[in-house]
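>
Protein chains: 2
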Amino acid sequence: MKRVKTENRKEEIINISSKLFKEKGYSAVSMRDIAQAMGIKAASLYNHITSKQEILSIIILDVAEKFTRGMDRIVESEDNAIDKLEKIIELHVNVTVNNADALGSLNNDWMHLVEPQLSYFLKLRSQYEENFRQIVKLGVDEGHLEPLNVEVMLFSILSTLRTLYLWYYKKEGVDTAELVVQMKTVLLRGVVLKP
Amino acid sequence: MKRVKTENRKEEIINISSKLFKEKGYSAVSMRDIAQAMGIKAASLYNHITSKQEILSIIILDVAEKFTRGMDRIVESEDNAIDKLEKIIELHVNVTVNNADALGSLNNDWMHLVEPQLSYFLKLRSQYEENFRQIVKLGVDEGHLEPLNVEVMLFSILSTLRTLYLWYYKKEGVDTAELVVQMKTVLLRGVVLKP
DNA sequence: TTCATAAACTAACAATTGTTAGTTTTGAGC
DNA sequence: GCTCAAAACTAACAATTGTTAGTTTATGAA
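Protein chains in written order, with the numbering used here: chain E, 110 to 304; chain L, 110 to 304.
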């Protein structure tokens with residue numbers, strides 16, 4: 110079955126590239142670097158992909174769409190704001206644990222996308238942030254969240270979730286469920302002991 | 110006074126480079142890009158700096174040392190853990206507001222430093238994190254912080270502070286003092302309304 | 001005006017970049 | 001063992017990279 114083999118090889122290129130991009134950034138990784146990590150020559154990569162740019166856009170858009178689909182599910186649910194926020198935290202932990210390398214490019218290499226993928230990515234990102242913002246606003250209106258500045262609440266929580274890929278493994282023997290519990294507490298209830 | 114003029118020109122190069130590196134990353138910015146933004150030719154840059162690498166290490170190490178000096182002051186103080194955490198938040202907001210562009214390289218381009226600057230940077234960073242960790246531990250031991258996982262508390266707070274440069278300006282008419290107050294509340298007390 | 005030097009310039013370099021063209025090797029199904 | 005396509009290879013390309021050498025221009029002090 111050749112078709113399957115090709116797709117496997119393409120996925121290998123995407124996975125290895127994700128790792129390299131995460132370590133040094135898209136621009137600092139050459140096609141020869143990727144090829145060497147695969148144990149082949151640079152020109153051979155083009156049997157499986159059309160360009161370096163294609164590798165980047167697959168890495169970024171695949172994981173961006175995972176976040177979008179997860180958020181859409183949460184928005185459509187009947188939960189109150191706090192339950193929705195907890196589900197967003199679960200979403201980020203799960204996507205991070207399963208796609209840790211891709212998150213490097215998602216966070217730091219998106220600006221090297223070209224059109225039309227760049228505009229598409231920016232649209233997904235701003236829609237994601239807007240959905241998040243409305244949930245925070247809802248929480249304030251419901252009286253479940255403190256009446257603080259919405260942007261500060263939104264980006265404080267989102268920043269931690271977005272950079273989770275950089276440090277989650279430092280909890281040795283990462284227990285995903287336990288990490289979710291801890292993060293819900295820290296991000297939503299705070300760290301200061303209540304009297 | 111020629112000496113002063115040269116230093117001014119060098120600072121201009123550093124500042125313009127910080128902006129460009131923040132937008133596209135160190136590797137994607139060429140010496141010709143920097144020169145064009147200065148209105149001169151690439152070769153002329155070398156009247157003021159010795160290499161592209163020198164630009165990067167000045168940008169990163171200057172701001173890294175600001176964080177280190179700020180943290181050292183906090184560690185030496187007589188405050189309890191919560192006051193120390195509040196001072197760390199103040200430190201980050203102040204350094205961010207005054208060095209917003211440099212923080213891009215600090216976060217995303219440090220791996221392009223060469224030795225011995227790379228090792229020096231990594232030493233500063235791990236010392237900073239260790240100081241932060243000890244303050245969190247102290248808070249737990251004092252009974253002022255929730256007895257949660259220390260790494261999760263540490264990196265949740267630190268992640269938000271480190272990426273503040275990406276979003277602080279979204280609060281239109283950024284009032285630094287107000288931002289400090291909001292962040293102390295969100296990061297330490299949480300967003301969920303207490304009964 | 002003269003002079004010194006800071007700071008710009010032009011021209012070039014060797015290395016590296018992403019990519020293409022054309023060729024050979026590999027391996028599964030007959 | 002033959003066939004054929006997938007997937008590797010070699011060789012080369014034009015463009016861009018950081019940097020150097022040597023030269024000209026601009027400016028402030030004498």
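Here a beta-carbon is modelled for each residue, glycine too, at the ideal position from N, C-alpha and C.
Among L/N217, L/L129, L/L302, L/Q162, which has the Cα closest to the Cα of E/H253?
Measuring from the Cα of E/H253, the nearest candidate turns out to be L/L302.
> If you draw a straight line from the C-alpha of L/F230 to the C-alpha of E/E251, how long is it?
C-alpha separation (whole angstroms): 46 Å.
> Less than 7 Å between CB atoms is the rule here; does E/H253 satisfy it with respect to chain L?
yes
> So, for L/A151: in the same chain, excluding its five sequence neighbours on each side, which residues have a beta-carbon less than 7 Å away from its beta-carbon?
M140, R141, A144
> Counting only beta-carbon separations shorter than 7 Å, does L/L212 have a partner in chain E?
Chain E has no Cβ within less than 7 Å of the Cβ of L/L212.
> What do you reckon, are the CB atoms on L/V184 and E/M262 nearer than 7 Å?
no
> Suppose you measure from the CA of E/Y278 to the CA of L/L200; what does that come to, to the nearest Å?
27 Å
> Tell me, please, whether the CB atom of L/N217 is closer than 7 Å to any CB atom in chain E?
yes
> Secondary structure at E/V301, three-state DSSP: helix, strand or coil?
strand
> Give me, in chain order, the residues of the same chain whose beta-carbon lies closer than 7 Å to that of E/L165; leave out the 5 immediate sequence neighbours on both sides.
Y135, S214, D218, H221, L222
> Let me know if L/K111 comes out buried or exposed under the rule of 16 or more other beta-carbons within 10 Å of its beta-carbon.
Interpretation of L/K111 is limited by its pLDDT of 36, a score under 50 that renders its predicted location unreliable; the figure taken from the coordinates is listed afterwards. Classification of L/K111: exposed, given that the 10 Å Cβ count is below 16.
> Using a Cβ-Cβ cut-off of 7 Å, state whether L/T159 counts as contacting chain E.
L/T159 is outside the set of residues whose beta carbon lies under 7 Å from a beta carbon in chain E.
> Using a beta-carbon distance below 7 Å, is L/K128 in contact with chain E?
no
> Starting from E/G179, trace the alpha helix (DSSP H) in both directions and tell me its first and last residue.
161-185
> Would the beta-carbon of L/W276 fall within 7 Å of that of E/F264?
yes
> I'd like the list of long-range same chain contacts for E/S160, defined as Cβ closer than 7 Å, with 5 residues on each side in sequence excluded.
none
> Is it the case that the Cβ atoms of L/T177 and L/L273 are separated by a distance below 7 Å?
no
> So which of L/E187, L/H157, L/M292 has the shortest CA-CA distance to E/E260?
L/M292
> CB-CB under 8 Å to E/I125, same chain, minus the five flanking residues each way: which ones, in chain order?
Shown here for E/I125: same chain residues with a beta carbon closer than 8 Å to its own, the five before and five after excluded, namely I143, A146, M147 in chain order.
> Which residue comes first and which comes last in the alpha helix (DSSP H) that contains L/G213?
211-217
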